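Let me begin by presenting the structure, written as structure tokens, before commenting on it.
Numbering (the numbering used here), first residue to last: 45 to 336.
This is the structure in structure tokens:
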């Protein structure tokens with residue numbers, strides 16, 4: 045069965061939905077005073093004074109040969125002026141030609157392995173059976189906590205940044221971003237998708253020690269939820285702990301009456317999501333320009 049044959053009739057185009065949900069999540073960051081989000085027919089990107097790819101990224105751009113060189117020049121000029129690193133996401137690598145790759149190379153971008161866009165229907169019979177009941181913890185004394193306080197949010201940020209091997213100093217601005225745009229645990233941990241705060245963050249504790257993180261994005265429509273920021277400490281991987289965290293999070297989306305959830309999977313987490321029933325729909329690639 046092909047991906048297209050397996051798509052429910054009511055589901056929007058999976059490739060478009062995955063990318064649109066990712067942009068929705070990043071657009072919510074524009075509430076942070078230190079980040080500028082811009083979306084036009086030519087380019088969708090965000091940038092900040094923090095000089096790391098985590099805070100400077102192109103999410104989409106017009107690759108037409110008559111438009112692309114000017115867009116590339118605009119972004120590259122910004123990088124040079126700001127002395128920042130930047131990641132340029134190409135959601136549909138099939139559109140790339142030797143023309144684009146040569147231009148990227150001339151502008152000092154290097155091509156990097158991307159992630160896999162995946163989606164999951166939360167309304168089919170398999171999902172209803174899996175996510176409509178609380179999963180059993182795979183080890184004793186395992187506890188998932190929704191982040192409600194700023195000090196816990198800071199610990200969440202430090203754990204995530206460390207797990208993803210970003211420089212440690214990025215934990216503070218990552219915390220400030222998510223603190224300032226708001227998170228659901230501060231006022232309401234209900235499953236109403238119409239609340240103002242769109243992000244909810246989870247921490248995973250084992251015998252009082254934080255060993256994992258995750259996040260949910262509650263978008264405005266039944267198909268606009270996404271899952272992100274999954275991390276499990278290496279020494280606790282392979283024991284079903286990641287699956288336990290994902291299942292708990294997806295159950296909250298079911299309770300919120302979402303019909304679809306999307307995500308971008310790293311290679312490390314790809315098999316886990318497959319076991320959860322996620323369907324791969326597209327692979328992207330990145331072009332990274334390092335700070336000079």
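Idealized CB from N, CA, C, for every residue including glycine. Here the structure is a predicted model, which means the values were calculated and not measured.
Worksheet item: Nearest to residue 194 by CA position, among 152, 244 and 281, is which residue?
Response: 244
Discussion item. Let's see if you can read the secondary structure: which residues bound the alpha helix (DSSP H) around residue 224?
Written reply: First-last of the alpha helix (DSSP H) with residue 224: 215-225.
Worksheet entry | Where residue 296 falls, given that 16 or more other Cβ within 10 Å makes a residue buried | buried
Worksheet item: In terms of DSSP beta bridges, what is residue 324 paired with?
Response: 162
Worksheet item: Apart from the five residues just before and just after residue 206, which ones in its own chain have a Cβ nearer than 8 Å to its Cβ?
Response: 212 and 215
Worksheet item: Looking at the structure shown, is residue 308 part of a helix, part of a strand, or coil, going by DSSP?
Response: strand
Item to complete: Would you mind sorting residue 273 into buried or exposed? The rule is 16 or more other CB atoms within 10 Å of its CB.
Response: buried
Discussion item. Spatial neighbours of residue 324 within its chain, please: C-beta separation below 7 Å, excluding the five flanking residues on both sides.
Written reply: 160 and 162
Worksheet item: In terms of residues, what are the limits of the beta strand (DSSP E) holding residue 91?
Response: 87-92
Worksheet entry | For residue 282, the residue or residues it bridges with in DSSP | Answer is none; residue 282 lacks a bridge partner.
Worksheet entry | Selection from 294, 301, 88 and 305 that minimises the alpha carbon distance to residue 178 | 294
Worksheet item: Using 8 Å as the limit for Cβ to Cβ distance, is residue 321 near chain D?
Response: Reference to chain D is not applicable here, since this structure consists of a single protein chain.
Practice prompt. Return the Cβ separation of residue 221 and residue 79 in integer angstroms, given the expectation that the two are a contact with Cβ distance under 8 Å.
Written response: That belief holds up - the Cβ atoms of residue 221 and residue 79 are roughly 7 Å apart, short of 8 Å.
Worksheet item: Exposed or buried, residue 251, counting other C-beta atoms within 10 Å across all chains shown (16 or more means buried)?
Response: exposed
Worksheet item: If you draw a straight line from the C-alpha of residue 233 to the C-alpha of residue 283, how long is it?
Response: Note that residue 233 has pLDDT 49, beneath the 50 cutoff, so the model's placement of it is unreliable and no number is given.
Item to complete: Could I get the ranges of all uninterrupted beta strand (DSSP E) runs contained in the region 177-219, with 3 residues as the minimum, in chain order?
Response: Runs of the beta strand (DSSP E) inside the region 177-219: 186-190.
Worksheet item: Rounded to a whole number of angstroms, what is the C-alpha to C-alpha distance between residue 101 and residue 266?
Response: 27 Å
Discussion item. Cutting at 6 Å between CB atoms, please list the residues of its own chain near residue 255, excluding the five before and the five after it.
Written reply: 248, 277 and 280
Practice prompt. Would you kindly work out how many angstroms separate the C-alpha atoms of residue 334 and residue 153, rounded to a whole number?
Written response: Using only the alpha carbons, I get a separation of about 8 Å.
Item to complete: State yes or no: is the C-beta of residue 330 within less than 8 Å of the C-beta of residue 133?
Response: Yes, the Cβ-Cβ distance between residue 330 and residue 133 is below 8 Å.
Fill in: Reduced DSSP category for residue 97 - H, G, I as helix; E, B as strand; rest coil
helix
Fill in: residue 261 - partner residues in DSSP beta bridges
DSSP lists 243 and 270 as partners of residue 261.
Worksheet item: What is the DSSP secondary structure of residue 155, reduced to helix, strand or coil?
Response: strand
Discussion item. Three or more C-beta pairs under 8 Å: does that hold for the region 66-79 against the region 181-198?
Written reply: Using a C-beta cut-off of 8 Å, the region 66-79 makes no contact with the region 181-198, since fewer than three inter-stretch Cβ pairs fall below that distance.
Worksheet item: Exposed or buried, what is residue 119 when buried is set at 16 or more other beta-carbons lying within 10 Å of its beta-carbon?
Response: With 16 or more Cβ atoms within 10 Å of its Cβ, residue 119 is classed as buried.
Worksheet item: Beta-carbon separation of residue 1 and residue 271 under 8 Å?
Response: Residue 1 lies beyond the stretch modelled for the chain, which goes from 45 to 336, so this question has no answer here.
Discussion item. Going by DSSP, what residue range makes up the alpha helix (DSSP H) through residue 173?
Written reply: 169-175
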